[in-house]
Structures are given as structure tokens and as C-alpha cells.
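Here the structure is laid out as C-alpha cells; the discussion comes afterwards.
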Amino acid sequence: MANWLGYPRPDLRSIRHHHPLAAHFALLHASRFVSFSGAETILLPGATSWLHAGTHAQIDRLLAVLEGERWQQALTELGLQTVLKPDYTTYLQQVLQRQDDAPLPSSVHARLQVAASKQVWSLCLSPALPTWLTFDLLQLGHWQPQRKLLRCTALTVGQAMRRGYGAQMIRWLLETATQAPLPSVAEQQLQDWQKRDQAYQVEQVYLLSVKQPSRLADLLRQNRFRRYVQRQLSPRHAIIAGEMIPVLTKWLQKRDYALSATIPNGGNRLLSPEAEETGYDWLGLRLLIGLGTMVPLPYPPPYARLNAVGETLDAQRRSELENVVEEILSRVQIAIRGRDAFFPASETPPPALTAHIEATIMAEGQLHIQYQSLGDIEARWRCIQPLRLEQRGQLYYLVAYCYQAEDNRVFRLDRIKACAAAT
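Residues in the sequence shown are numbered consecutively from 868, following this note's numbering.
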């Protein structure tokens, strides 16, 4: 934040030692634009409306906050009442009023310089750019206030992608700012940087391993267990939710099997009813907020309640629950994108295709399939590793790892036009 304001202080340890930075944080908090959770600063929906408002409306909103009770309340909550005294509040009001009276800058577009050999973009931002556009562009790189340049690299753009900025949105932001098509070199780099995202991943997971593929297949056929399976890695391995462990243990004991578990920190830690209830409260609130990014909610997202419940959970438990949220929201996104189940099968999958796939699953092999998805004009070849076959209503599906997408995908069998063993 200090860097964005033009007062870079890499050695800064407290906003109490940086009056401009402290004033900005206090004003953001008083305006209900951000909330704080531990070391995280969470952007609230109200900030989006303010960013898209006109310059005069933006300044009027901030002046009203400085003159109201919420300003003093924010100073008290942040412990800044002895740092930002009344004379500094008056100074802030004067600065905002001068900005309100100042003439608007002439319209000058941003300039993008692309270094193909160094994989770096240098974006010169104009003060005439809309506030919302400047804010979004700043998410893509590292701001250099002395040179008035935004330096974008594969790392900074990748971080923006993990925060929800897709490649199409990044392209649109750059073309809107420069009022020119994205250079072909930058287009190619953007595609390359997108492929790098999540190329290497480290996860702390619960891994279920069985000696025979038939045993895992038996578990996956049962609803009581299938809902806990987050990802199938192979015919004998699957990543499961921690909540499955006690359920699976009881089920195995009834069949005279013992579950061999090597789990750090005591395994599944949602044991007491109180802790389990708190975990599910946090999970429900977090899912509600996540769904709000896909469809409009009838009321503001419950950030404050989420933060309050989160304070009662340790960091490791919140991380575990966040993984569950990401998996659920990912499945919802897939369901929204696909909509395949609403379209009847054009033809019944031939028995030979099913037999070929089942044999490949047993052999843990790979297949080349010619597949036409709902949005494709023609079928395209893909290399996959089939994991399991499923029937949902009248439709048959193949769950497989797709090497082109580098992720698990679900294919409808009636959309597979051709199939061949991978050599």
C-alpha cells in the first residue's frame, strides 16, 4: 500500500510510523471498503461501487466519512487515535477538497512496453485512467512509484490469476488502458504464463490407498463415501476429506478390517461437537461468500461473521476447510460451465467402447479419444488416463485425467467419437 501511495518503505513494521499509510487504512476501514482478519486485508463489496463512481462522488463519500462518527470509531478500532489527531483529520479534508476543485487530467492512454527476451511488461499508467481500471491494473504487477511504471512478470501475473483475474480479463484490462490491441508477443507470453499457473503444487492431504482397485471402486459406489472423495489419483489411490476417516473406520471394523492410518497431529481433529459445529459454521459462511462471486446474493456477503467464526479456529484448520471450499466451488463451476446433463445423448455408447475403457482402467493405461464437448464445433483429440466410469440417470460418463488440461475432467461417453490406445 505504501508503494502504491508513492511512499515506499520496505523496512516499515507498523502503520503507526507512517501517517499517510495509517490515514489510508483508517479511511478504508471507516468507509467499510475493507475488513481485517489477522494479517489479511479483505476487500469488501462496497469498495467496488466506490471505484466505479465518478471523481466528485468518490471525494464526497470520503469527506462524509471524515466528518462522521465512523472515522473516530475506525481510529479507535485500529489504535490510531493518538497517531492521527484532529489536526491531521483537518489536513486530510483539505487535501480532498483541493482534489475535488482540481481540473480533471487530460485523457492520456497507458503505454505498454513488452520485452520478449526478458519476459517482462512495463506499463506506464496515466493519471487520467479511471480509478477502477488503475486499481485492477495494479493487481497485475509491482508498482515502481519513482518511474511511474508497473512491472509485470510471470510471477506477478500468476498471482493475479490465482486471485481470480483470468487471461481474458487481463487482456481486456490492458487493451482498455492502452486503447490498442494486445501485441502478439504479449499475447503469447500471457498464454505461456497462464499455463505456468499451478504447474507445481504442494498440498497437505489425506491419501486413501488400497491394495486392490476393486476395493476403491466398491467405496466409490457408495454415497456415504463418495461425497468425501475429493480427487481420485489412480485406481488404487484417492484424496479424501478428513471427515471420512471415522466413518470409514467404523465401516471397516464391521467387516473385520482395520484402517492403517499414519496421520500427523492426531488425525481428524473435528472430534468434539463444539469444534465440529464451529468448523461447519465457517465452511457454510465461506461457501456462501464463494457462491456470491458466481451469482448475485440477496444481501451483502457475511464477511464480518466469517471473520468472527474464523478467530475461533486455528490456521491449520482454516487451511483444511479452505481446501474443501475450493474443491466444492470448483465442482460448482464445472457444473455451471458444462450444463451437459440437460442435453440428451445423441446415441448410445457402443459396448466395445465401454469394454475398451474398462480394460484400460484395469491396466492403468492411457487413451487417445476424439471428443466433442458441448461448446466445440468439431471433435478434438485428447490424451487421457481413464479413472472410472459412472452412470448418472440415462447418461454415461468417464472420469479421466486429461493431459492437455493437466487436470481431472469428466467426459460423456456419447460425445466420444473415436478411441485408440496410447502408444
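Idealized CB from N, CA, C, for every residue including glycine.
What separation, rounded to the nearest whole angstrom, lies between the Cα atoms of residue i and residue j?
i	j	result
Lys1015	Cys991	6 Å
Gly1031	Leu1000	16 Å
Leu1005	Gly1033	15 Å
Leu1040	Thr1290	43 Å
Glu936	His886	20 Å
Ser1101	Ala897	51 Å
Tyr1124	Ala1108	20 Å
Lys952	Tyr958	10 Å
Val1052	Arg978	15 Å
Leu918	Tyr1263	47 Å
Ile1156	Ala1047	36 Å
Tyr1170	Phe1002	21 Å
His891	Ala995	21 Å
Phe903	Ile909	6 Å
Thr1043	Leu1154	33 Å
Gln1058	Val932	43 Å
Arg814	Thr1020	The structure shown has nothing for residue 814, since the chain only spans 868 to 1290.
Asn1174	Gln960	31 Å
Thr949	Ser881	14 Å
Val1343	Arg1185	Since the first residue of the chain shown is 868 and the last is 1290, residue 1343 is not available in this structure.
Thr1227	Leu1234	8 Å
Val901	Trp938	14 Å
Asn1275	Val1072	17 Å
Asp1181	Leu1188	11 Å
Arg1136	Gln1183	For Arg1136, the pLDDT reaches just 45, beneath the cut-off of 50, and the residue's location in the model is therefore unreliable, although a value from the coordinates is still provided. Rounded to the nearest angstrom, the two C-alpha atoms are 10 Å apart.
Asp878	Gly1025	26 Å
Lys1121	Gly1146	28 Å
Could you have a look at residue i and say whether DSSP puts it in helix, strand or coil?
i	result
Val1077	coil
Ser1127	coil
Ala931	helix
Lys1062	helix
Leu1173	helix
Arg1153	helix
Leu1164	coil
Glu1214	coil
Gly921	coil
Gln1056	helix
Arg1122	coil
Gly1205	Residue confidence for Gly1205 is low, a pLDDT of 48 falling below 50, so the modelled location carries little weight; the figure read from the coordinates is stated next. Helix at Gly1205.
Gln1183	helix
Val1199	helix
Arg883	helix
Arg1082	helix
Ala1047	coil
Asp878	coil
What does DSSP give as the partner residues of residue i in its beta bridges?
i	result
Pro1253	Ala1267
Trp1248	Gln1237
Ile909	Ser902
Ile1283	Tyr1238
Ala1288	Leu1234
Gln1068	Gln1068 is not bridged to any residue.
Leu1262	Arg1259
Along the chain, where does the alpha helix (DSSP H) that runs through residue i open and close?
i	result
Ile1228	1218 to 1229
Asp954	953 to 968
Leu1100	Looking at the DSSP string, Leu1100 is not in any alpha helix (DSSP H); the run it does join, the beta strand (DSSP E), is 1096 to 1101.
Ala897	886 to 897
Ala869	869 to 872
Leu945	936 to 945
Arg1093	1090 to 1093
Check for me: the beta strand (DSSP E) holding residue i runs from which residue to which?
i	result
Ala1108	Run containing Ala1108: none; DSSP gives neither H nor E here.
Asp1274	1274 to 1279
Kindly examine the ligand HEM and report whether one of its heavy atoms sits closer than 7 Å to the Cβ of residue i.
i	result
Gln961	In the structure shown, the ligand HEM is absent, as is every other ligand, since no ligand is present at all.
For this session: Pick out the complete alpha helix (DSSP H) segments inside the stretch 976 to 1045, 4 residues or longer, and give them in chain order.
Result: Counting only runs of 4 or more, we get 998 to 1005, 1021 to 1029, 1034 to 1045.
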